[in-house]
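Numbering (the UniProt record's numbering), first residue to last: 1 to 318. Below is one structure, written out as structure tokens, with a few remarks after it.
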């Protein structure tokens with residue numbers, strides 16, 4: 001086991017890991033909230049950007065690129081428009097970060113007891129990351145769905161508040177309404193987190209030996225590289241998840257009025273490929289990578305520093 005892997009996996013008490021994970025999620029979300037809104041808007045846009053004729057019957061804005069989308073949101077909705085859905089998103093990121101790191105730590109400790117049949121370090125990291133990501137995703141999924149729906153709102157408000165949205169979805173869509181697209185989310189996050197942690201654990205020891213890094217931290221650089229590689233591989237499932245999350249009786253009320261009716265992961269992917277081509281599955285990938293890289297870098301850096309700070313406090317008290 002590498003020193004870097006041991007650091008992330010074994011140090012800190014369960015309480016310290018949960019607190020550090022929650023802090024990491026909170027800080028990360030605050031930093032990338034505007035890019036998250038842009039990504040969601042681009043992912044929900046179904047018409048072709050290269051064919052102006054496809055725009056003529058569209059009700060709602062036509063977004064073209066990250067900067068153009070940011071300018072459009074600022075012009076039409078003001079600065080608050082870039083933070084739509086931030087309250088459920090902050091709650092989600094805090095809970096997700098705490099669950100993710102706690103499960104990751106516990107799973108790696110369980111896997112470490114498999115001697116003499118212990119798995120290779122990279123496989124352990126993949127299994128632990130996939131398990132942590134899957135459980136954290138399912139546990140916080142209703143907040144993820146609410147984040148998407150709020151971010152998809154234009155100047156016309158579909159939901160007036162977080163509590164009102166919960167009541168409305170429960171009344172009109174039932175319990176299952178909070179888990180629309182959850183299958184796509186789990187199918188995406190399991191390989192994503194597995195690849196992310198396996199790559200991160202492999203790169204971190206090497207990066208820690210390098211000096212004068214652009215981000216000033218081997219943890220941050222390793223987080224960026226791991227995020228880009230993992231995110232690209234599973235992006236189509238992320239797009240499918242967003243399309244499924246805005247299904248239901250409010251589908252025609254969001255900023256993009258023409259979102260088709262989708263049913264199921266495979267049906268959605270097939271319909272997107274048939275109507276928009278393979279490129280349609282990667283709509284919003286650029287801003288997703290721009291968002292994911294700093295988000296994961298901030299998450300891992302904040303987690304490591306928060307955990308170190310909590311350990312220093314405990315040592316000072318002893």
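All C-beta atoms in this analysis are idealised placements derived from N, C-alpha and C, irrespective of residue type, glycine included. Note that the structure is predicted; figures quoted are calculated from it, not measured.
Burial is judged here by how many other beta carbons sit within 10 angstroms of a residue's own beta carbon; residue 201 has at least 16 and is buried. Residue state for residue 247 is assigned as coil, using DSSP reduced to three classes. Counted as a single uninterrupted DSSP element, the alpha helix (DSSP H) harbouring residue 110 occupies residues 86-111.
Taking C-beta atoms under 8 Å as the contact rule, residue 226 and residue 196 qualify, at a distance of about 5 Å.
Only residues of its own chain outside the window of five on either side were considered, and among them 85, 88, 89 and 92 have a CB closer than 7 Å to the CB of residue 147, listed in chain order.
In the structure shown, the three-state DSSP call for residue 296 is helix.
The beta carbon of residue 251 lies closer than 6 Å to those of 259 in the same chain, with the five residues before and after it left out. Within 10 angstroms of the beta-carbon of residue 103 lie 16 or more other beta-carbons, which makes it buried.
Rounded to whole angstroms, residue 83 and residue 100 show a C-alpha spacing of 24 Å. Secondary structure note for residue 77: its alpha helix (DSSP H) is the uninterrupted segment 66-77. When rounded, the separation of the alpha-carbon atoms in residue 160 and residue 166 is 11 Å.
Three or more Cβ pairs drawn from the segment 27-46 and the segment 279-296 lie within less than 8 Å of each other, which places the two stretches in contact.
For residue 117, the number of other beta carbons within 10 angstroms of its own is below 16, and it is reported as exposed. Between residue 244 and the set 35, 107, 149 and 180, the nearest pair of CA atoms involves 180.
In the DSSP assignment, residue 16 falls within the unbroken alpha helix (DSSP H) covering 14-44. Put simply, the backbone Cα of residue 272 is about 15 Å away from that of residue 184. Taking the C-beta atoms as reference points, residue 12 is found no nearer than 8 Å to residue 299. Assignment of residue 161 by DSSP, reduced to helix, strand and coil, places it in the coil class.
Boundaries cannot be given for residue 254, as no alpha helix (DSSP H) includes it and DSSP labels it neither H nor E. Judged by pairs of C-beta atoms under 8 Å, the segment 26-40 does not touch the segment 109-116, as fewer than three such pairs exist.
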